[in-house]
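Enquirer:
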Amino acid sequence: MFTLGPLAFASPWILAALVGLPVIWWLLRVMPPAPQRIRFPAIRFLLDLQKHEETPAHTPWWLLLLRLLISALIILALADPILNPTTELEESDVVVLVIDDNWAAAPNWPRRRIAMNNLLDQAERENKPIAILTTAPSVDSQNQDPAFTLLSPSDARGAVKVLQPKPFIADRRAALGQIAALEEGLQEQGFSARIIWLSDGIDYGAASEFGDRLAALGELFILSDPPERQAWALTPPENTATGLTARVVRPTSPDIAQGKVRILGNNNRLLGYADFE
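Last residue of the sequence shown: 503 (our numbering), numbering continuous.
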């Protein structure tokens with residue numbers, strides 16, 4: 227990627243075509259403008275013909291300049307310009323993408339996919355290999371594959387494209403084995419890493435240890451949904467003297483103070499509701 231002030235080009239080799247602009251200028255000057263088509267009304271106009279030979283007129287300078295400007299803009303557009311590109315990944319050799327792909331990530335999965343694709347775009351521009359680590363247990367296996375695998379940005383994009391949230395909680399303790407394999411592989415190859423964790427914002431009992439192990443691999447960035455978009459949960463209701471009682475489990479945020487719980491029957495009919503604070 228070639229950077230010129232606040233502007234960068236993902237395909238800078240195309241800019242070499244700008245060298246051909248003088249050739250385009252010369253071709254436009256030696257080629258006369260297209261002749262105009264005029265209906266011939268009568269043969270009497272032959273009397274007004276000039277008897278001496280005339281050279282074709284040159285293309286007007288403003289038209290030459292306009293055509294050159296259009297050619298330059300086309301070349302610049304093909305070079306994939308990027309305004310104010312981010313360069314956070316330049317100081318690392320490998321990008322480690324950690325994804326919470328559990329039930330809590332499902333409601334905002336389209337937004338997470340956009341974030342993942344943006345990160346992959348940046349890694350592709352800077353030609354960084356990518357390691358992907360997921361925290362939800364696999365559907366057909368209880369253990370994650372601990373192998374250390376580096377993917378090209380295009381291969382990582384294919385892996386992210388088929389990735390879907392799973393109906394399980396994030397098993398971060400089991401994912402510690404993957405972190406150990408990552409750490410061993412990075413040390414063997416002498417790579418520095420930039421870790422980006424797409425967190426669901428929920429602590430299942432090992433979030434602190436999990437984050438510390440990730441931070442030991444390299445510089446850690448945690449991306450999470452805002453509190454108002456994070457998953458909420460209800461504890462199993464308890465039958466008390468005053469009725470059914472359930473607790474609302476929600477993110478800790480001063481902006482979320484109250485809400486409403488709806489009670490639905492088997493036929494999805496509303497049976498009642500209760501406010502909570």
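All C-beta atoms in this analysis are idealised placements derived from N, C-alpha and C, irrespective of residue type, glycine included. From a predicted model like this one, the values you see are computed outputs, not experimental measurements.
#1: Determine the direct distance from the alpha carbon of Ile250 to that of Glu409, and round the result to whole angstroms.
#2: What residue range is occupied by the uninterrupted alpha helix (DSSP H) comprising Lys387?
#3: DSSP state of Pro347, grouped into three classes?
#4: If Lys392 sits next to Asn328, beta carbons under 8 Å apart, how far is it from one beta carbon to the other, in whole angstroms?
#5: If I measure Cβ to Cβ from Ser380 and keep anything under 8 Å in the same chain, skipping five residues before and after, which residues do I get?
#6: My output table needs one value for Gln368: the three-state DSSP class, helix, strand or coil.
#7: Comparing C-alpha positions only, which one of Val321, Ser450, Leu247, Gln415 sits nearest to Ala331?
#8: Leaving out five residues on either side along the sequence, give the residues of the same chain with a beta carbon under 6 Å from the beta carbon of Glu445.
#9: Do the CB positions of Ala298 and Pro238 come within less than 9 Å of each other?
#10: Measuring straight from C-alpha to C-alpha, what distance separates Asn492 and Gly437?
#11: Find out if the Cβ-Cβ distance for the pair Leu323, Leu424 is shorter than 9 Å.
#12: Which residues bound the alpha helix (DSSP H) around Ser318?
#13: Quick one: grab the DSSP three-state call for Gly246.
Expert: Let's see:
#1: As a first step, residue 409 is located in the sequence shown; it is residue number 183 there, counting from the start. As a first step, residue 250 is located in the sequence shown; it is residue number 24 there, counting from the start. Approximately 55 Å, taken between the alpha carbons.
#2: Walking along the sequence shown from the start, residue 387 turns up at place 161. Annotation: the continuous alpha helix (DSSP H) that includes Lys387 extends over 379–388.
#3: Within the sequence shown, numbered from 1, the residue matching residue 347 stands at position 121. Pro is not the amino acid found at residue 347; the sequence shown has Asp there. Here Asp347 sits in helix by DSSP.
#4: By one-based count along the sequence shown, residue 392 stands at place 166. By one-based count along the sequence shown, residue 328 stands at place 102. Approximately 6 Å separates the beta-carbon atoms of Lys392 and Asn328; this is inside 8 Å, confirming the contact.
#5: Stepping through the sequence shown from its first residue, residue 380 is reached at position 154. Hits under 8 Å: Glu350.
#6: Taking the sequence shown and counting its residues from 1, the one referred to as residue 368 is at position 142. Interpretation of Gln368 is limited by its pLDDT of 49, a score under 50 that renders its predicted location unreliable; the figure taken from the coordinates is listed afterwards. Residue state, collapsed to three classes: coil.
#7: By 1-based counting over the sequence shown, the position of residue 331 is 105. Nearest option by C-alpha distance: Ser450.
#8: In the sequence shown, counting from the first residue as 1, residue 445 sits at position 219. Correct list, in chain order: Arg420.
#9: Here residue 298 refers to the residue found at position 72 of the sequence shown. Here residue 238 refers to the residue found at position 12 of the sequence shown. The answer is no: Cβ separation not under 9 Å.
#10: As a first step, residue 492 is located in the sequence shown; it is residue number 266 there, counting from the start. As a first step, residue 437 is located in the sequence shown; it is residue number 211 there, counting from the start. Between the C-alpha atoms of Asn492 and Gly437 there is a straight-line separation of about 41 Å.
#11: Position 97 of the sequence shown, counted from the start, is the residue given in the question as residue 323. Position 198 of the sequence shown, counted from the start, is the residue given in the question as residue 424. Yes, the Cβ-Cβ distance between Leu323 and Leu424 is below 9 Å.
#12: Residue numbering aside, residue 318 sits at position 92 when the sequence shown is read from its first letter. It is not in any alpha helix (DSSP H) - Ser318 carries neither H nor E in the DSSP assignment.
#13: Stepping through the sequence shown from its first residue, residue 246 is reached at position 20. It is helical.
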